[in-house]
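Worksheet for the structure shown next.
Numbering (my numbering), first residue to last: 29 to 419.
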């Protein structure tokens with residue numbers, strides 16, 4: 029049978045207040061085309077459907093429309109799980125209606141094995157689906173002390189026990205896979221993931237992924253990559269669009285898995301052509317910027333522009349540059365003989381990390397929990413939407 033693995037759509041996400049909905053719709057259209065052209069039997073969406081727990085209505089409409097198109101009136105199975113950015117109950121609220129179209133929406137961790145008959149191959153597909161398993165969503169405290177190393181060990185232990193238990197439901201003669209929204213230690217992340225515990229306590233070892241599964245479909249990290257040291261084939265499909273300038277130059281893709289019962293899968297990437305590229309451009313002076321604009325380079329890109337200057341950039345130049353290229357997000361001066369400032373500019377922290385540092389200073393060392401950070405990001409998203417509407 030043939031499966032399509034995708035994740036981390038982040039529908040509704042903006043880029044510094046600029047809407048990406050048009051680009052996201054381009055991706056969804058391309059995804060449906062790939063599913064049809066590749067004659068996919070089932071689609072696996074491994075979390076972070078939306079960018080916030082309270083997504084804009086347009087993003088939700090895009091999601092429901094795409095699910096219906098992917099399922100092809102129930103002729104193709106589709107299963108999606110909640111990531112850390114999704115509201116688990118909100119994602120699964122439409123399950124009674126979705127189920128009639130062959131669509132499975134899983135919001136919270138549970139112990140159900142999802143099984144599907146694949147008519148084309150006359151085979152059975154078993155899916156162990158683990159949505160993002162935070163302590164609050166598991167409704168249990170994994171560590172009484174809250175000490176990070178202990179919590180990490182307990183978290184890894186919980187995930188390992190879960191997969192071991194669920195693997196007991198896998199059957200010979202079937203295609204058995206697992207899917208989850210997790211951070212696997214040693215993987216490559218980028219600034220745009222914005223999870224609360226990236227690289228922290230909510231981390232699992234590659235060896236913890238279920239060996240009994242023929243393939244483990246993962247979401248959470250935006251760079252497409254195989255998981256090293258896993259005992260079975262495991263992969264992050266990555267995000268369909270570049271969501272921060274740390275992802276500039278990354279190629280985006282979805283993953284196709286050809287797999288038969290009791291056999292190792294064949295995996296291939298299908299490159300995506302949708303969306304505007306993200307470009308980090310450093311110019312040596314304002315004159316070079318004007319030459320770059322005259323040449324029409326990166327015309328369709330979102331641009332993070334840095335300009336090496338001796339003095340501040342004139343406001344007239346800033347206005348002219350922005351007027352000439354609507355996709356320029358940042359215009360940052362790099363002053364000569366100021367390496368510390370250049371380093372600070374080049375290593376601009378994502379908004380959630382800035383908030384965490386601010387919160388720590390204001391509370392004397394406290395750390396914002398997932399609920400507080402999600403609320404902050406939601407407020408920022410609402411402000412960005414209002415600003416975009418005003419513009």
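Backbone N, C-alpha and C define an ideal beta-carbon position, used for all residues, glycine too.
Do residue j and residue i count as a contact pair if the criterion is CB distance below 8 Å?
i: residue 69; j: residue 148; result: yes
i: residue 243; j: residue 289; result: no
i: residue 248; j: residue 300; result: no
i: residue 41; j: residue 30; result: no
i: residue 325; j: residue 356; result: no
i: residue 229; j: residue 183; result: yes
i: residue 330; j: residue 43; result: yes
i: residue 77; j: residue 402; result: no
i: residue 363; j: residue 383; result: no
i: residue 52; j: residue 269; result: yes
i: residue 112; j: residue 154; result: no
i: residue 352; j: residue 321; result: yes
i: residue 169; j: residue 163; result: yes
Among residues of its own chain, excluding the 5 on either side of residue i, which ones have a beta-carbon nearer than 6 Å to its beta-carbon?
i: residue 97; result: 60
i: residue 258; result: 234 and 237
i: residue 105; result: 70, 130 and 144
i: residue 133; result: 108, 119, 120, 123 and 126
i: residue 5; result: A question about residue 5 goes unanswered here, because the residues of the chain that appear run from 29 up to 419.
i: residue 419; result: No answer about residue 419 holds up, because its pLDDT of 42 lies below 50 and its placement is not dependable.
i: residue 254; result: 263
i: residue 140; result: none
i: residue 206; result: 156, 238, 241 and 244
i: residue 305; result: 329
Closer than 7 Å by C-beta to residue i: which residues in its own chain qualify, once you throw out the five before and the five after it? Chain order, please.
i: residue 161; result: 137 and 187
i: residue 295; result: 261, 263, 283 and 285
i: residue 256; result: 214 and 234
i: residue 279; result: 299
i: residue 116; result: 110, 135, 136, 159 and 165
i: residue 83; result: 39 and 40
i: residue 86; result: 49
i: residue 142; result: 107, 132, 155 and 157
Could you check what DSSP says for residue i in three-state terms: helix, strand or coil?
i: residue 178; result: helix
i: residue 139; result: coil
i: residue 369; result: Annotation note: pLDDT 48 at residue 369 (below 50); position unreliable, coordinate value reported separately. Reduced to three states, the DSSP call for residue 369 is helix.
i: residue 226; result: Unreliable placement is indicated for residue 226, whose pLDDT of 45 sits below 50; the coordinate value is still reported in the next sentence. The answer is coil: DSSP assigns residue 226 none of H, G, I, E or B.
i: residue 55; result: helix
i: residue 198; result: coil
i: residue 186; result: helix
i: residue 346; result: helix
i: residue 316; result: helix
i: residue 124; result: helix
i: residue 374; result: With a pLDDT of 44 at residue 374, under the threshold of 50, the modelled position of that residue is not reliable, and the figure given next carries that caveat. Looking at residue 374 - three-state DSSP - the assignment turns out to be helix.
i: residue 192; result: helix
i: residue 242; result: coil
i: residue 221; result: Since pLDDT at residue 221 reaches only 47, below the 50 mark, its modelled position is unreliable, and no value is offered.
i: residue 42; result: strand
i: residue 294; result: strand
i: residue 236; result: helix
i: residue 286; result: strand
i: residue 70; result: strand
i: residue 30; result: strand
i: residue 62; result: helix
i: residue 352; result: helix
Should residue i be listed as close to the ligand PLP, given that the test is whether its C-beta is under 7 Å from any heavy atom?
i: residue 407; result: Of the ligands one can find in the structure shown there are none, so the ligand PLP has no counterpart to examine.
Am I right that residue i and residue j are in contact with their C-beta atoms under 8 Å? What's the rounded C-beta distance?
i: residue 32; j: residue 90; result: Not really, about 18 Å apart at Cβ, beyond 8 Å.
i: residue 308; j: residue 335; result: Their Cβ separation, rounded to whole angstroms, is 13 Å, which puts residue 308 and residue 335 out of contact at 8 Å.
i: residue 75; j: residue 107; result: Wrong, their Cβ atoms sit about 11 Å apart, outside the cutoff.
i: residue 379; j: residue 359; result: With 8 Å as the limit, residue 379 and residue 359 do not qualify as a contact, their Cβ atoms being about 18 Å apart.
i: residue 246; j: residue 208; result: 6 Å
i: residue 171; j: residue 158; result: Actually they do not touch by this definition, with Cβ atoms about 20 Å apart.
i: residue 473; j: residue 151; result: Here the chain has residues from 29 to 419 only, and residue 473 is not among them.
i: residue 114; j: residue 250; result: Going by Cβ atoms, the distance from residue 114 to residue 250 rounds to 16 Å, so no, they are not a contact pair.
i: residue 241; j: residue 302; result: The pair is not a contact, with the Cβ atoms about 30 Å apart (cut-off 8 Å).
i: residue 317; j: residue 349; result: 6 Å
i: residue 361; j: residue 297; result: Going by Cβ atoms, the distance from residue 361 to residue 297 rounds to 39 Å, so no, they are not a contact pair.
CB-CB under 8 Å to residue i, same chain, minus the five flanking residues each way: which ones, in chain order?
i: residue 94; result: 56, 59 and 60
i: residue 232; result: 183, 184, 187, 188, 210, 211, 212 and 213
i: residue 311; result: 317, 320, 333, 334, 335 and 336
i: residue 128; result: 102
Whole beta strand (DSSP E) runs in the stretch 253–279 with 3 or more residues, listed along the chain?
Fully enclosed beta strand (DSSP E) runs of no fewer than 3 residues occupy 261–264 of the stretch 253–279, in order along the chain.
Whole runs of the beta strand (DSSP E) within the stretch 126–171, excluding any shorter than 3 residues
Fully enclosed beta strand (DSSP E) runs of no fewer than 3 residues occupy 131–134, 141–146 and 151–158 of the stretch 126–171, in order along the chain.
Beta strand (DSSP E) runs wholly inside the stretch 80–110, at least 3 long, in chain order:
105–109, all fully within the stretch 80–110.
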